[in-house]
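A.B. asks: First the structure, then my questions, so here it is.
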Amino acid sequence: MLNISMNVDFSKNPIPFPHFFNAFGYAHCDYTYTKPTKRLYRYLASIGRDFYYMRLHSILTAHGDGDLYLLTEGQDYGNPDPNAGRWVDKVFSVKDGKLCCDWKYVDQIYDIILESGGRPIVETHFIPSCAQSEDYYIPKDFNLWSDILKAFVTHCIERYGREEVQKWYFEIWNEPDNHEKWLKDSSTLMAFYDYFEDAIHSVDSKIKVGGPAVKQWEGAEKIYLEFLEHCAHGLNYKTGRFGTRIDFISVHCKAGYPKDTNPNTDVMFDWVKRYSDPVKNYPEFKDVEFINDESDIVWDGNLGLWMKSWLNFRNTHYAPGITCKMMTKYCDLVMDEWKVNLSIVDSDNCHTQWERYLFSGNRSQVTPLTQYGTDDLLKKPLFNAYVLMNRLGDTRYKAVCTEEGFGDKYGILPTSSNGGYAVMLWNFEDGMEDDVNPRRISLKLEGLKPGNYRLAHYRIDKTHSSSYHIWQKFGKPKKMIANQVKEIRAHEGLELFESIKDAALDESASFAVELPMHAVSLFLLTPVSKAVPKTPDGLWGVREKGHAGNCQVFLQWAPNREFDFKNYRIWRKEDGGEYTLVSDSETNNTAAFTDMTARPGVRYTYAVEAENYSGERSGLSPEIIID
Numbered sequence: 008m009l010n011i012s013m014n015v016d017f018s019k020n021p022i023p024f025p026h027f028f029n030a031f032g033y034a035h036c037d038y039t040y041t042k043p044t045k046r047l048y049r050y051l052a053s054i055g056r057d058f059y060y061m062r063l064h065s066i067l068t069a070h071g072d073g074d075l076y077l078l079t080e081g082q083d084y085g086n087p088d089p090n091a092g093r094w095v096d097k098v099f100s101v102k103d104g105k106l107c108c109d110w111k112y113v114d115q116i117y118d119i120i121l122e123s124g125g126r127p128i129v130e131t132h133f134i135p136s137c138a139q140s141e142d143y144y145i146p147k148d149f150n151l152w153s154d155i156l157k158a159f160v161t162h163c164i165e166r167y168g169r170e171e172v173q174k175w176y177f178e179i180w181n182e183p184d185n186h187e188k189w190l191k192d193s194s195t196l197m198a199f200y201d202y203f204e205d206a207i208h209s210v211d212s213k214i215k216v217g218g219p220a221v222k223q224w225e226g227a228e229k230i231y232l233e234f235l236e237h238c239a240h241g242l243n244y245k246t247g248r249f250g251t252r253i254d255f256i257s258v259h260c261k262a263g264y265p266k267d268t269n270p271n272t273d274v275m276f277d278w279v280k281r282y283s284d285p286v287k288n289y290p291e292f293k294d295v296e297f298i299n300d301e302s303d304i305v306w307d308g309n310l311g312l313w314m315k316s317w318l319n320f321r322n323t324h325y326a327p328g329i330t331c332k333m334m335t336k337y338c339d340l341v342m343d344e345w346k347v348n349l350s351i352v353d354s355d356n357c358h359t360q361w362e363r364y365l366f367s368g369n370r371s372q373v374t375p376l377t378q379y380g381t382d383d384l385l386k387k388p389l390f391n392a393y394v395l396m397n398r399l400g401d402t403r404y405k406a407v408c409t410e411e412g413f414g415d416k417y418g419i420l421p422t423s424s425n426g427g428y429a430v431m432l433w434n435f436e437d438g439m440e441d442d443v444n445p446r447r448i449s450l451k452l453e454g455l456k457p458g459n460y461r462l463a464h465y466r467i468d469k470t471h472s473s474s475y476h477i478w479q480k481f482g483k484p485k486k487m488i489a490n491q492v493k494e495i496r497a498h499e500g501l502e503l504f505e506s507i508k509d510a511a512l513d514e515s516a517s518f519a520v521e522l523p524m525h526a527v528s529l530f531l532l533t534p535v536s537k538a539v540p541k542t543p544d545g546l547w548g549v550r551e552k553g554h555a556g557n558c559q560v561f562l563q564w565a566p567n568r569e570f571d572f573k574n575y576r577i578w579r580k581e582d583g584g585e586y587t588l589v590s591d592s593e594t595n596n597t598a599a600f601t602d603m604t605a606r607p608g609v610r611y612t613y614a615v616e617a618e619n620y621s622g623e624r625s626g627l628s629p630e631i632i633i634d
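Here's what the structure looks like:
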């Protein structure tokens, strides 16, 4: 056992901690309104933050055929190539020389995102077919391209409000380095951006516009540096002046290269530095935001276990372990040491469309139950990484540790909020096996506010907060019985590692924890209080087909946001009878629940109450009746 000592002083050097990690993505936007993806959005909404960002591909070329490619072996989502013979985009058309707009698909996509508490990162590749040249990366008429963008932004403002749209990010493209002509000559890409920026800001000058969203290789770096120079000093193809406004710079730095079989965070952060350093050479960009909007664990987005067996790590505790390590390094290394104006880290891990069967190893936080005739999903361990990180406070602090490997092989993210403290610890070495280098971490906390606290210890590891572990225990069945699904559901949420304890603290406290390899622990210290949690509201539910045709009821409600919130209690009555407690599990710490004990033909009434770590409970939520 390796012994490590760390110190944190909560009275020194507080740093604001916006939850920059609450950003996700997937390709193609038309999957949004499919049933499994809509269910994913409900799960994301249940986590409990005020908002998150969602980055989708190809919003300007939506086509309405998402279900055709959903969970279908061998089918790609396709690019809007008129020669591909798959589908035709349906948002924009030109008739009698006039631009015509059909907002049906755009509206249903963005409605789902915003109604779930999300905000779009608007990535505008590809060009609608009505504006394509022979090369579908380049418009045949830049003025028509401008008109399309103006119409799009104007519509978004009219539908969602100017103040809301000003909080979105509008990104020029996705990985322009995939285009051979732009690798040889990026001038049309620069013109593309100049018209893009001018069109959007002509509608609203406060909207955030940027790019170029390049990958991590030498060809992409060439385009990136040319893009920076053009925006700083180049001749603007639209205005004829020098320089083009840019509000954020986006890149795609991932933990490895496409050929790698092992995620490596050193690769990711080497490229983050390689891309962030040149920005400092331009005084014009000192306030420009820096975004890594595909900060994925690894490449190979559409591949699963049927192609590469090593991708199984996406199913296991390895995925949340490396994610929590990455987010800590973004704080300690990127923001604190390199002084990068980082605002968003988007992990492109919402690809429900490629997760074709249980634990198929795709880059997704969930795995589908479609083989049982239901549109419901199970949460992978990776989902719990975001549940855990969202329990962190809004102010962070620096830890002191002088021992070798700190910040790279093990680490800490200490935070505070509303008189309480949340400390995330991880033990993670890239590429190592599970059964090596466990560490015993002795942690001393100073600068605490004296008082009585409740101490909760959550854990993600091989056997905690892991639906995959339970499935593995069953022998990885291709077909599960209903009781097996129920047991997985009982362990798919964020789990306590030990019982909640009372803690009477003065200005300092010490404790120790043993962390196996690839494990993450969260310690929450919340003051004992008589304050009652907010009564949950917005309860919504649906009776639906569950496992193998069985009846189930899915419930969702607005999440509690108190720092000392612990879990929900689910109540149910049958045909107007008395309420009985359906579940008071401490893993009910997100605002969604699946009742697999519901029976067909029975009228149910549900209500939900919230409980905090002091044992105080809210009143029952407004009821919902499920016929």
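Each number in the working numbering comes from the position in the sequence shown (counting from 1) with 7 added on.
Yeah, the Cβ is synthetic: ideal placement off N, Cα and C, and Gly gets one too.
Computed from a predicted model, the values in this text were never measured in an experiment.
In three-state terms, what does DSSP make of Gly81?
C.D. replies: A caution first: Gly81 carries a pLDDT of 49, below 50, which makes its placement in the model unreliable, though a value can still be read off. Reduced to three states, the DSSP call for Gly81 is coil.
A.B. asks: Could you tell me how far apart the beta carbons of Asp353 and Gly55 are, in whole angstroms, since I believe they sit closer than 8 Å?
C.D. replies: Not really, about 19 Å apart at Cβ, beyond 8 Å.
A.B. asks: Could you pull out every residue in the same chain whose Cβ sits closer than 6 Å to the Cβ of Thr330, ignoring the five residues on either side in sequence?
C.D. replies: So the list reads Ala392, once near-sequence residues are dropped.
A.B. asks: Around the Cβ of Ile11, are there at least 16 other Cβ atoms within 10 angstroms (buried) or fewer (exposed)?
C.D. replies: Buried.
A.B. asks: Given that a residue counts as buried once 16 or more other Cβ atoms are within 10 Å of its Cβ, and exposed if not, what is Gly85?
C.D. replies: Low confidence applies here, because Gly85 scores a pLDDT of 49, under 50, leaving its location unreliable; read the following figure in that light. By the neighbour-count rule (16 or more Cβ atoms within 10 Å), Gly85 is buried.
A.B. asks: Using CA atoms only, rank isn't needed, just tell me which of Ser53, Asp442 and Arg606 is closest to Asn596.
C.D. replies: Out of Ser53, Asp442 and Arg606, Ser53 has the C-alpha closest to the C-alpha of Asn596.
A.B. asks: Quickly, what does DSSP pair Phe572 with across the bridge? List them, please.
C.D. replies: Partner(s): Asn619.
A.B. asks: Short of 7 Å in beta carbon distance, which residues of its chain neighbour Asn20, apart from the five on each side in sequence? Order them along the chain.
C.D. replies: Closer than 7 Å at the Cβ level, and outside the excluded window around Asn20, lie Tyr404 and Lys405.
A.B. asks: Would you list, in sequence order, the uninterrupted alpha helix (DSSP H) runs of no fewer than 4 residues that lie entirely inside the segment 427-509?
C.D. replies: For the segment 427-509, whole alpha helix (DSSP H) runs of length 4 or above, ordered along the chain, are 474-480 and 489-498.
A.B. asks: What does Ser316 pair with, by DSSP beta-bridge criteria?
C.D. replies: Answer by DSSP bridge pairing: none, since Ser316 is not bridged.
A.B. asks: Are the beta-carbon atoms belonging to Lys229 and His259 less than 8 Å from one another?
C.D. replies: No, these two residues do not count as a Cβ contact at 8 Å.
A.B. asks: Whose C-alpha, out of Phe518, His498 and Thr542, is nearest the C-alpha of Ala463?
C.D. replies: Closest option to Ala463, Cα to Cα, is Phe518.
A.B. asks: Which complete beta strand (DSSP E) runs does the segment 34-84 hold, if anything under 3 residues is left out?
C.D. replies: Runs found: 59-63.
A.B. asks: Just checking, does the segment 487-499 make contact with the segment 406-424 on the three C-beta pairs under 8 Å criterion?
C.D. replies: No: fewer than three Cβ pairs fall under 8 Å.
A.B. asks: With Asp16 as the anchor, note down where its beta strand (DSSP E) starts and where it stops.
C.D. replies: Where Asp16 is concerned, the enclosing beta strand (DSSP E) stretches over Leu9 to Asp16.
A.B. asks: From the DSSP output, read off the bridge partner residues of Tyr613.
C.D. replies: For Tyr613, which the question treats as bridged, DSSP gives the partners Arg579 and Ile631.
A.B. asks: What number of angstroms, rounded off, separates the C-alpha of Gly556 from the C-alpha of Thr381?
C.D. replies: When rounded, the distance between both Cα atoms is 8 Å.
A.B. asks: Could you check if Val549 is buried or exposed, using at least 16 other CB atoms within 10 Å of its CB as the buried criterion?
C.D. replies: By the 10 Å Cβ count, Val549 comes out exposed.
A.B. asks: Just the C-alpha distance for Gln479 and Thr470, rounded to the nearest angstrom, thanks.
C.D. replies: If you take the alpha carbons of Gln479 and Thr470, they lie about 10 Å apart.
A.B. asks: Quick check on DSSP: helix, strand or coil for Tyr404?
C.D. replies: Residue state, collapsed to three classes: coil.
A.B. asks: Can you name the residues that DSSP bridges to Asn299?
C.D. replies: DSSP lists Val258 and Val352 as partners of Asn299.
A.B. asks: Indicate the three-state DSSP secondary structure (helix, strand or coil) for Ala598 in the structure shown.
C.D. replies: Correct three-state label for Ala598: coil.
A.B. asks: For a quick check, are the C-beta atoms of Thr359 and Thr44 less than 8 Å apart?
C.D. replies: Yes.
A.B. asks: Go to Cys107, then tell me how far its beta strand (DSSP E) extends in each direction, as first and last residue.
C.D. replies: First-last of the beta strand (DSSP E) with Cys107: Lys105 to Cys108.
A.B. asks: Under the three-state reduction of DSSP, which class applies to Tyr417: helix, strand or coil?
C.D. replies: Strand, per DSSP.
A.B. asks: With a threshold of 7 Å on Cβ separation, who are the neighbours of Pro457 within its own chain once the five nearest residues in sequence on each side are excluded?
C.D. replies: The answer, listed in chain order, is Leu512, Asp513 and Glu514.
A.B. asks: Just the Cα atoms here: how many angstroms apart are Val520 and Leu9?
C.D. replies: C-alpha separation (whole angstroms): 12 Å.
A.B. asks: In this structure, what does DSSP give as the bridge partners for Gly328?
C.D. replies: Partner(s): none; Gly328 has no beta bridge.
A.B. asks: Tell me which same chain residues have a C-beta within less than 6 Å of the C-beta of Lys416, skipping the five on either side of it?
C.D. replies: Cβ neighbours of Lys416 beyond the five flanking positions: Glu436.
A.B. asks: DSSP state of Asn397, grouped into three classes?
C.D. replies: Correct three-state label for Asn397: coil.
A.B. asks: Report the option in Lys573, Ser283 and Arg610 whose CA atom is closest to the CA atom of Gly584.
C.D. replies: Nearest of Lys573, Ser283 and Arg610 to Gly584, Cα basis: Arg610.
A.B. asks: Starting from Thr359, trace the beta strand (DSSP E) both ways and give me its first and last residue.
C.D. replies: It is not in any beta strand (DSSP E) - Thr359 carries neither H nor E in the DSSP assignment.
A.B. asks: Which residues bound the alpha helix (DSSP H) around Tyr231?
C.D. replies: Counting along the chain, the alpha helix (DSSP H) containing Tyr231 begins and ends at Glu225 to His240.
A.B. asks: Would you mind giving the Cβ-Cβ distance between Arg370 and Asp303, rounded to the nearest angstrom? I have them listed as a contact below 8 Å.
C.D. replies: Correct: roughly 6 Å between the Cβ atoms.
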